[in-house]
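Numbering (the working numbering), first residue to last: 74 to 365.
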């Protein structure tokens, strides 16, 4: 009973296509090998045909999920394309030269080697033409359909390369144009300055006085909505004090307020510098630990 079940399973499996698992290209000096592996022993039909600059291998009853286009740096083969269609897989070897593709299976039928070599013409004696039965009308239709389909694949494969190139070039030009416009916009904004350093804006903000403390920080007196604000501007923006409407009118008064807050500013900036230095020391130690 078990024997009959096993035979039935084998017969059912033979009705379904095997799956192409992997492909590997080996580029040698005098040949290019394409190795294929399957999830089950492959016993399907293999058909070979030449069309313009393509040598086409068709594997019947094989499933594969994606199309593959692989450029080869070889005088033998320029490109290998793997194109699945229904329960078949077409493999295109594109070459400017006249090549021959030899197909061999592994001993266990789990693998297939397709070897492309330059075609060597050797003088041979003419053989008598074999007697071949003429194709039936149904076989002629099938053969013509396969030829048309293979030609369509080969043509679309070569066209898609040129089409993709022009699309990529157009996208690069578009990106360059966008970057150029953004650069001009950013430069114009930087020339006009930010709201903290402009003398007057429509929103009613006005910087009446400002005085630099160091290369990175300054103190400014800003008028906004009938009030004046003394702020520290730089690495961090801090509100130091606020006053009533136009209570500070002269630059000398601003200087007096600046000097009164000088000690407070120095302590604040010193504290920030110490925190920053402590952070730098900690980062340096962490980096040294990683490098050890």
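Built from N, CA and C at the ideal position, the CB exists for glycine as well.
| Asked | Found |
| --- | --- |
| Chain-order list of residues whose beta-carbon lies under 6 Å from that of residue 311 (same chain, five-residue window excluded) | 305 |
| Cβ pair residue 135, residue 96 closer than 8 Å | no |
| Beta-carbon proximity check, residue 185 vs residue 178, cutoff 8 Å | yes |
| First through last residue of the beta strand (DSSP E) which encompasses residue 284 | 279-285 |
| Where residue 249 falls: helix, strand or coil (DSSP) | helix |
| Exposed unless 16 or more other CB atoms sit within 10 angstroms - verdict on residue 249 | exposed |
| Sequence-distant residues of its chain with Cβ nearer than 8 Å to residue 104 (five each side left out) | 149, 188, 189, 190 |
| Nearest neighbour of residue 307, chosen from 180, 146, 181, 342 [CA to CA] | 342 |
| Length of the line joining the Cα atoms of residue 167 and residue 117 | 24 Å |
| Residue 99 burial status per 10 Å Cβ neighbour count (16 or more: buried) | exposed |
| DSSP bridge partner residues for residue 257 (one or two, in chain order) | Looking at the DSSP assignment, residue 257 forms no beta bridge with any residue, so it has no partner. |
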